[in-house]
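S.K.: Input: one structure, supplied below.
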Amino acid sequence: MNVKRGTASRLLTQFLEHLVSEGSQDVHVHNALVELLEKIVLQNSAFSGNFNLQNLLILTAIKADPSRVMDYINRLDNFDGPAVGEVAVEAQLYEEAFVIFKKFNLNVQAANVLLDNIRDINRAVEFAFRVEEDAVWSQVAKAQLREGLVSDAIDSFIRADDTTQFLDVIRAAEDADVYHDLVKYLLMVRAKTKEPKVDSELIYAYAKNRSISDIEEFILMPNVANLPNVEEFRLAQICGLNIIVQVDDLEEVSEYYQNRGCFNELISLMESGLGLERAHMGIFTELGVLYARYRYEKLMEHIKLFSTRLNIPKLIRACDEQQHWKELAICISNMMNLTMLPLPS
1 MNVKRGTASR LLTQFLEHLV SEGSQDVHVH NALVELLEKI VLQNSAFSGN
51 FNLQNLLILT AIKADPSRVM DYINRLDNFD GPAVGEVAVE AQLYEEAFVI
101 FKKFNLNVQA ANVLLDNIRD INRAVEFAFR VEEDAVWSQV AKAQLREGLV
151 SDAIDSFIRA DDTTQFLDVI RAAEDADVYH DLVKYLLMVR AKTKEPKVDS
201 ELIYAYAKNR SISDIEEFIL MPNVANLPNV EEFRLAQICG LNIIVQVDDL
251 EEVSEYYQNR GCFNELISLM ESGLGLERAH MGIFTELGVL YARYRYEKLM
301 EHIKLFSTRL NIPKLIRACD EQQHWKELAI CISNMMNLTM LPLPS
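The opening position of the sequence shown corresponds to residue 1 in the UniProt record's numbering, with each subsequent residue numbered one higher.
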């Protein structure tokens, strides 16, 4: 009996496939075939669970009547999910494709439909939380990175335990200035791989976060950072900003840079220091002295902008030494105006 049923099923399938082939461009044939297949497959006939007939019903409906496809997907279980899902994607039936892939636990393909076809990252994130698969989180993370959602991408890469994209993540995090997030990611990466680039960037990220104690601790522990190439002056500038706000240390820092001929780096450090909340008169004055020595064209503007925040006698001496007579005259005038101010009553 089973042999006869199997033979009948095979013959029926071949006959119906022949109809599809012969009338491949005829919508009426396809519609009639869908109606016939519905009766055979959906109405508890002997052929209801037939793999080939279920495939044929869904694939024919994709061509003839896409509005029926979702119902068939929900009601049928014995069809070729991967293949039918790809056909649905090609037919731009993206929601149907998503449901097919999800039904067959093809979660990466389902996530890709949400990301690449439906283009809904929020739904993809929700789906990733629901299935909690590393490969799904990796796909979500890559999409978030492409869209510039760097912090979200880093969180997703960490959930995925995915270190493969660390170069792209580093580049994107630096562009977006999200160094706190980058530190979390790099700590995860270096736990799995020993890369000089990773350790070097971790030190720099600590510096950008002004986590000086973390830098000190990291350098003392085993690491493979290429310290000479961690863009030392960028690192030194960030560390230096924490030093020059201390009045007693400012002159020592300035001498250290000047003795090594690092005049541009020192000026850059002092210019950055002007914007600090704890910026004091010494920083404004030292920058004026440096302009007098090494960047004369910026000196006059500096004096005019910050006349009330300068130690004028010290700047007068610097202008006199460098023979900047116009600037010297402005400084003397400013000092005279200050001494002539009325005393508070």
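Don't be surprised by glycine CBs; every beta carbon is placed ideally from N, CA and C.
Remember, predicted model here, so these are calculated numbers, not experimental data.
Does the pairing of the stretch 79–95 with the stretch 41–59 give three or more beta-carbon distances under 8 Å?
M.R.: With the cut-off at 8 Å, the stretch 79–95 and the stretch 41–59 touch.
S.K.: Residue range of the alpha helix (DSSP H) that ASP134 falls in?
M.R.: Looking at the DSSP string, the run of the alpha helix (DSSP H) that includes ASP134 is 134–146.
S.K.: Note down, in chain order, each residue of its chain lying with its Cβ closer than 7 Å to the Cβ of PRO196, except the 5 sequence neighbours on either side.
M.R.: Correct list, in chain order: VAL224, ALA225 and ASN226.
S.K.: Does the stretch 273–285 come within contact of the stretch 233–252, defined as at least 3 CB pairs closer than 8 Å?
M.R.: Enough Cβ pairs lie closer than 8 Å, so yes.
S.K.: GLY288 lies in the alpha helix (DSSP H); which residues open and close that run?
M.R.: Looking at the DSSP string, the run of the alpha helix (DSSP H) that includes GLY288 is 281–294.
S.K.: List the endpoints of the continuous alpha helix (DSSP H) containing ILE62.
M.R.: First-last of the alpha helix (DSSP H) with ILE62: 51–64.
S.K.: Can you give me the Cβ contacts of VAL84 inside the same chain, cut-off strictly under 7 Å, excluding the 5 residues immediately before and after it?
M.R.: Cβ within range, chain order: ASN55, ILE58, LEU59 and ILE100.
S.K.: State the Cα-Cα distance for the pair ALA110 and PHE218, rounded to the nearest angstrom.
M.R.: Answer to the nearest angstrom: the Cα atoms are 41 Å apart.
S.K.: Short of 8 Å in beta carbon distance, which residues of its chain neighbour ASN112, apart from the five on each side in sequence? Order them along the chain.
M.R.: Hits under 8 Å: GLN139.
S.K.: Just curious, the alpha helix (DSSP H) that VAL245 is in, first and last residue?
M.R.: Neither: VAL245 is in no alpha helix (DSSP H) and is coded neither H nor E.
S.K.: Is ASP199 buried or exposed, if buried means 16 or more other CB atoms sit within 10 Å of its CB?
M.R.: Its Cβ being crowded by 16 or more others within 10 Å, ASP199 is buried.
S.K.: Would you kindly work out how many angstroms separate the C-alpha atoms of GLY148 and ASP175, rounded to a whole number?
M.R.: Rounded to the nearest angstrom, the two C-alpha atoms are 10 Å apart.
S.K.: Pick out whichever of VAL289, GLY49 and LEU305 has its Cα sitting closest to the Cα of ILE316.
M.R.: Per the Cα distances, VAL289.
S.K.: If you measure between the beta carbons of TYR179 and ASN209, is that distance less than 7 Å?
M.R.: Yes. Within cutoff.
S.K.: Give a yes or no on whether the C-beta atoms belonging to ALA141 and SER156 are separated by under 7 Å.
M.R.: Yes. Within cutoff.
S.K.: Can you look up GLU195 in the DSSP assignment and give me helix, strand or coil?
M.R.: Residue state, collapsed to three classes: coil.
S.K.: Where does LYS102 land, buried or exposed, given buried means 16+ other C-beta within 10 angstroms?
M.R.: So LYS102 counts as buried.
S.K.: With a threshold of 16 other CB atoms inside 10 Å of the CB of ASP116, please say whether the residue is buried or exposed.
M.R.: It is exposed - the Cβ of ASP116 has fewer than 16 other Cβ atoms within 10 Å.
S.K.: Secondary structure at MET70, three-state DSSP: helix, strand or coil?
M.R.: Correct three-state label for MET70: helix.
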